[in-house]
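K.L.:
Please read through the structure below; I'll follow up with questions.
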Amino acid sequence: MWKQRDSPSRIEKRFEFEEYQKISIFLKKLDDLCKEKNIYPNISFGKNFVSVSIFLDSEKIPSNEKEFSIRLDNYYLEK
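If you want the numbering used here, it's the 1-based position in the sequence shown plus 291.
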């Protein structure tokens, strides 16, 4: 589940992985989605996780960012 945070307004999620190779595949899909949607979140990753923070202009989550987060969840479920 994505968490909505304030100050600054954003949504964020941490994705857990058992193998680093799956992180690489996920990051490639994330990169393609960023280019398609023109959304460039803050991303950090390590040996077994990827964290994504999408900063918002208001407290309401715009439809483009909502669709982005849903598609990213679906990519994660494909792992």
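Even for Gly, the Cβ is constructed at its ideal location relative to N, Cα and C.
(1) In this structure, how does DSSP classify N333 when only helix, strand and coil are distinguished?
(2) Between the segment 304–311 and the segment 340–355, can you find at least three pairs of beta-carbon atoms closer than 8 Å?
(3) Could you tell me how far apart the beta carbons of P299 and F346 are, in whole angstroms, since I believe they sit closer than 8 Å?
(4) Go ahead and pull the three-state DSSP assignment for S354.
(5) Could you give the distance in angstroms between the alpha-carbon of R301 and the alpha-carbon of S335?
(6) Between the alpha carbons of K294 and D323, how many angstroms are there, rounded?
(7) Is the Cβ-Cβ distance between N355 and K328 less than 8 Å?
P.N.:
To lay it out plainly:
(1) Three-state result, N333: strand.
(2) Result yes; three or more Cβ-Cβ pairs closer than 8 Å.
(3) Your pair P299 and F346 checks out as a contact, with CB atoms roughly 6 Å apart and the cut at 8 Å.
(4) Reduced to three states, the DSSP call for S354 is helix.
(5) So the two alpha carbons sit approximately 15 Å from each other.
(6) If you take the alpha carbons of K294 and D323, they lie about 23 Å apart.
(7) For N355 and K328, yes; Cβs fall inside 8 Å.
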